[in-house]
Amino acid sequence: MKRLVGAILLCASLAAAADKKTKLKKEPEPSPLDRYIADAEREKTSLTPTAGSLWVPSARYSDLAMDLRAHRVSDIVTIVVNEKASAVSTGTVKTGRTSSVNSSIINAAGITKAAGPLANLAKLSTDNQLNGTGTTTRDTSLTTSLSARVTHVLPNGYLVIEGTKNVQVNSENQIVSVRGVIRPTDLDNTNVIQSDHIAELDVRVNGKGIVGDAIRRPFFLYRLLLGLLPF
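The sequence shown runs contiguously to residue 1349 in this note's numbering.
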């Protein structure tokens, strides 16, 4: 009987694993920046020069007085990231409730006044008080700089930039990635822009190494036991 049950469980687990592999992977949800790019590209109108035209906007020397700031795909800009966020949340809860219930026997079996333990058959009284106070404080600070590449030029002239910086120190690998939309006029003459001038800003900092291994999330069985055990 035990062998039969074991065989059934083994077949069920294999079938579940096979079914899981056959399922298609769910595509990740597009970020707000991806949706912004898609909407802008949808409204884009192509300007094709007429055959035989003397003026071609994309020609090499079409604009000798053009601005040297980044304005084309694959141009490089420098991003100075200086982000600070601080949040404080405070909550206070205070409740009170008092209730009382009395039940007594006045007449019992012809006796005009009951005496003894039957005089007060039931008496209930409750008094509940709740005083709660909570405070949450969070401070975040990130300061760095990295170079990014122009990946899209939107029809309105705005630039979509994306950059990644990988720093490895003492077996610790830190990856900083930045994405966003900028206006060419916000660039200075050295193609440097501050992070607070970037729209749809997406900054991610991920670390891998000995420090990340030490603070990584506990495995599933340990988290399950923490949820079940009352101590």
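No residue lacks a Cβ here, since even glycine has one placed at the ideal position from N, Cα and C.
Backbone CA spacing between residue i and residue j [nearest angstrom]
| i | j | result |
| --- | --- | --- |
| H1189 | T1308 | 13 Å |
| G1275 | R1297 | 17 Å |
| L1339 | T1208 | 34 Å |
| V1287 | G1325 | 11 Å |
| T1213 | T1251 | 12 Å |
| V1285 | W1173 | 46 Å |
| D1314 | K1202 | 10 Å |
| I1300 | R1341 | 43 Å |
| Q1292 | P1146 | 24 Å |
| S1289 | T1262 | 20 Å |
| S1217 | A1317 | 58 Å |
| R1160 | A1169 | 26 Å |
| Y1154 | T1244 | 60 Å |
| T1140 | D1185 | Low local confidence applies: a pLDDT of 48 at T1140 is under 50, so the model's placement there is unreliable, with the coordinate-based value given in what follows. Computed Cα separation, rounded: 54 Å. |
| T1151 | T1269 | Before going on, a small fix: residue 1151 reads as Leu here, not Thr. When rounded, the distance between both Cα atoms is 12 Å. |
Contact set for residue i: own chain, Cβ-Cβ below 7 Å, skip 5 residues either direction
| i | result |
| --- | --- |
| L1305 | R1187, A1188, V1195 and I1311 |
| L1346 | none |
| V1211 | L1248 and G1250 |
Own chain partners of residue i with C-beta closer than 6 Å, once the 5 adjacent residues on each side are dropped
| i | result |
| --- | --- |
| N1215 | Looking at the sequence provided, one finds Arg at residue 1215 rather than Asn. These residues qualify, in order along the chain: N1246. |
| V1323 | V1294 |
| S1204 | D1257 |
| T1253 | T1208 |
| S1259 | K1202 |
Cβ-based neighbour list, residue i, same chain, cut-off 8 Å, excluding 5 preceding and 5 following
| i | result |
| --- | --- |
| L1264 | T1196, I1197, V1199, G1281, T1282, K1283, V1294 and V1296 |
| L1343 | none |
Identity of the residues DSSP links to residue i by a beta bridge
| i | result |
| --- | --- |
| A1203 | T1258 |
| S1217 | T1244 |
| A1317 | V1299 |
| R1322 | S1295 |
| V1191 | Note: V1191 sits in no beta bridge, so no partner. |
| G1345 | Looking at the DSSP assignment, G1345 forms no beta bridge with any residue, so it has no partner. |
| I1197 | L1264 and I1311 |
CB contact flag (residue i, residue j, <8 Å)
| i | j | result |
| --- | --- | --- |
| V1206 | T1255 | yes |
| S1192 | R1267 | yes |
| P1272 | A1156 | The amino acid occupying residue 1272 in the given sequence is Leu; Pro does not appear at that position. It is not a contact, given that the beta carbons lie outside the stated cut-off. |
| P1302 | L1277 | yes |
Mind listing, in chain order, the continuous beta strand (DSSP E) runs of no fewer than 3 residues lying wholly within the segment 1240-1311?
1240-1271, 1277-1287 and 1290-1300
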